[in-house]
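J.: Numbering (our numbering), first residue to last: 5 to 163.
Sending over a structure as structure tokens; questions will come in a sec.
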């Protein structure tokens, strides 16, 4: 009789755990909306920075071509500062806001810390230049990206 009760309790516990995982996964933002938010941010944030650096700071495309390291360093620095501010202020860049998703701490579901933002930004950079790391969400049952795993953050629906 005790064995039957243990089996029943384990089954109930497993069902409750499954329900908890399903409700947590329903809060996760979909990969297509995350990609669209990233592309939106690329056009709204990175493109203007790129043109300002090339034509206002460097003077022309030819000057930028001669000083690529300086030009790309300026673009990278300005872009990172803008993204850090958006992520730290309310967890949303313009792209994330447009698709009603938000970056939060994986454990507390609250704002991310400065350390998490720095780690996530660097991890995102490595994920973009690495072919394999871009496919991590497809091998992960929670659909977390490389930067989500490394920085212990998550992108959720903010509705």
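Glycine is no exception: its CB is placed at the ideal position from the N, C-alpha and C atoms.
The structure presented is a predicted model; accordingly, all values stated were derived computationally and were not measured.
Within the segment 92–146, note down every full beta strand (DSSP E) run reaching 3 residues or more, in order along the chain.
T.: 105–109, all fully within the segment 92–146.
J.: Pull up the DSSP beta-bridge partners for residue 156, would you.
T.: Answer is none; residue 156 lacks a bridge partner.
J.: According to DSSP, which residues form a beta bridge with residue 32?
T.: According to DSSP, residue 32 bridges with 160.
J.: Confirm, please, whether the CB-CB distance from residue 109 to residue 144 is below 8 Å.
T.: No.
J.: From the DSSP output, in three-state form, read off residue 149 for me.
T.: Reduced to three states, the DSSP call for residue 149 is coil.
J.: Which of the three DSSP states is assigned to residue 63 in this structure?
T.: Reduced to three states, the DSSP call for residue 63 is coil.
J.: Decide if the segment 48–59 is in contact with the segment 67–86; the criterion is three or more beta carbon pairs, one per stretch, under 8 Å apart.
T.: Yes, the segment 48–59 is in contact with the segment 67–86.
J.: Report the rounded CA-to-CA distance for residue 154 versus residue 116, giving the unit in angstroms.
T.: If you take the alpha carbons of residue 154 and residue 116, they lie about 13 Å apart.
J.: When you compare each of 85, 62, 99 and 70 to residue 41 by their alpha carbons, which one comes out closest?
T.: The residue with the shortest Cα to Cα distance from residue 41 is 99.
J.: For the segment 132–143 against the segment 83–103, do three or more pairs of beta-carbon atoms, one drawn from each stretch, fall closer than 8 Å, so that the two count as touching?
T.: Flag = no, the segment 132–143 and the segment 83–103 do not touch.
J.: Can you tell me the Cα-Cα spacing of residue 148 and residue 123, whole angstroms?
T.: Each residue's Cα considered, the two are about 15 Å apart.
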